[in-house]
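Student: Submitted below is the structure of interest, expressed as structure tokens.
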Amino acid sequence: MIPTCKETSVLLSQGQDRRLKPSESLRLRLHLLICRRCRSFSQQLEFLRAAVRRYRDHG
Amino acid sequence: MEPKAPGADHAAIERERGYLLRYARLQLRDPAAEDAVQETLLAAIEGAARFSGKSSLRTWLTGILKHKIIDHLRRNSREQPLSSGDDAAEADAVDALFAGDGHWRDFSADWGNPDAALENRRFWAALELCVQRLPARTARVFMMREVMEMPNEEICKALDITATNCWVLLHRARLTLRECLELQWFGKPEK
Numbered sequence: 001m002i003p004t005c006k007e008t009s010v011l012l013s014q015g016q017d018r019r020l021k022p023s024e025s026l027r028l029r030l031h032l033l034i035c036r037r038c039r040s041f042s043q044q045l046e047f048l049r050a051a052v053r054r055y056r057d058h059g
Numbered sequence: 060m061e062p063k064a065p066g067a068d069h070a071a072i073e074r075e076r077g078y079l080l081r082y083a084r085l086q087l088r089d090p091a092a093e094d095a096v097q098e099t100l101l102a103a104i105e106g107a108a109r110f111s112g113k114s115s116l117r118t119w120l121t122g123i124l125k126h127k128i129i130d131h132l133r134r135n136s137r138e139q140p141l142s143s144g145d146d147a148a149e150a151d152a153v154d155a156l157f158a159g160d161g162h163w164r165d166f167s168a169d170w171g172n173p174d175a176a177l178e179n180r181r182f183w184a185a186l187e188l189c190v191q192r193l194p195a196r197t198a199r200v201f202m203m204r205e206v207m208e209m210p211n212e213e214i215c216k217a218l219d220i221t222a223t224n225c226w227v228l229l230h231r232a233r234l235t236l237r238e239c240l241e242l243q244w245f246g247k248p249e250k
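From first to last, the protein sequence lines are chains L and H. If you're matching positions, the first sequence starts at 1 in our numbering and goes up one per residue. If you're matching positions, the second sequence starts at 60 in our numbering and goes up one per residue.
Dropping the structure here:
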């Protein structure tokens with residue numbers, strides 16, 4: 001079953017902290033195929049991580 | 060001239076103080092941040108001979124500082140348990156981002172090319188503000204993960220929380236920061 005945006009946001013977040021199980025990553029990819037907002041959210045998570053590291057290293 | 064002795068020289072260690080202090084202040088408030096840096100510099104000067112030069116001096120010093128910060132957070136988390144009222148309020152705030160059917164309730168602003176923000180001095184003030192608004196425990200877990208790049212298991216051990224709790228706090232932190240950056244920066248017509 002395709003997860004909701006809320007569940008997808010959990011998977012995207014946990015994907016930054018651990019390796020997702022194959023079943024989780026399949027569900028995640030199915031949702032991202034059909035949801036532009038969650039694709040944006042995924043990019044925003046990457047941006048957030050990069051921004052915080054840049055802040056740390058270059059102030 | 061004498062051949063250069065192995066190890067780190069004191070002046071070079073001292074020059075990293077500014078960087079270390081900024082790093083520490085991302086995790087701790089003063090005076091705890093200053094104390095952690097002071098302890099790090101003392102430990103580094105005492106142990107300067109152990110610096111092999113394989114990594115950069117900054118990396119070596121940051122490694123020592125991380126241990127000092129974690130020691131402090133560990134002591135502190137025992138002293139200040141999480142209040143359940145704050146936790147419920149925070150969970151509600153995250154739930155409010157989604158409609159009953161699990162869809163995003165409001166997710167409109169297009170961030171355009173977000174990397175451009177990294178070149179804008181005022182963006183960092185917005186980021187600082189957003190991090191400061193996070194509840195203390197959420198901010199702590201987020202900073203341990205993203206600034207110190209600690210694996211979840213180590214964060215759990217240091218703060219004595221479960222892995223699930225750790226994931227919940229990280230998810231909340233990221234959702235809240237996204238929301239805040241949209242309000243404070245990306246959704247604003249003039250930056």
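Ideal Cβ placement from N, Cα and C applies to all residues, glycine included.
Which residues of the region 14 to 39 of chain L have a Cβ closer than 7 Å to any Cβ of chain H? Give them in chain order.
Tutor: Against chain H - using a Cβ distance shorter than 7 Å - the residues of the region 14 to 39 of chain L are Gln14, Asp17, Arg18, Arg37.
Student: Can you have a look at Gln86(H) and say buried or exposed, based on whether 16 or more other CB atoms are within 10 angstroms of its CB?
Tutor: By the neighbour-count rule (16 or more Cβ atoms within 10 Å), Gln86(H) is buried.
Student: Would you check if the region 231 to 244 of chain H and the region 103 to 120 of chain H touch, i.e. whether three or more CB-CB distances between them fall below 8 Å?
Tutor: Result no; under three Cβ-Cβ pairs closer than 8 Å.
Student: What residue from Leu20(L), Leu32(L), Thr4(L) has the CA that sits closest to Trp226(H)'s CA?
Tutor: Per the Cα distances, Leu20(L).
Student: The ligand NAD and Ala95(H): does the residue's C-beta get closer than 7 Å to at least one heavy atom of that ligand?
Tutor: Summarising the ligand content, the structure contains no ligands, and the ligand NAD is consequently not present.
Student: Helix, strand or coil: which one does DSSP assign to Trp170(H)?
Tutor: It is coil, neither helix nor strand.
Student: Check each candidate in Ala91(H), Tyr82(H), Leu100(H) and name the one with the smallest Cα separation from Ala71(H).
Tutor: Measuring from the Cα of Ala71(H), the nearest candidate turns out to be Leu100(H).
Student: Does chain L have any CB closer than 8 Å to the CB of Glu238(H)?
Tutor: Judged by the 8 Å Cβ criterion, Glu238(H) is not in contact with chain L.
Student: Does DSSP put Phe201(H) in a helix, a strand or coil?
Tutor: Here Phe201(H) sits in helix by DSSP.
Student: Applying the 10 Å Cβ sphere with the 16-neighbour rule, what's the burial state of Ile129(H)?
Tutor: It is buried - the Cβ of Ile129(H) has at least 16 other Cβ atoms within 10 Å.
Student: Since Pro3(L) contacts Leu11(L) with CB under 8 Å, what's their CB separation in whole angstroms?
Tutor: Going by Cβ atoms, the distance from Pro3(L) to Leu11(L) rounds to 7 Å, so yes, they are a contact pair.
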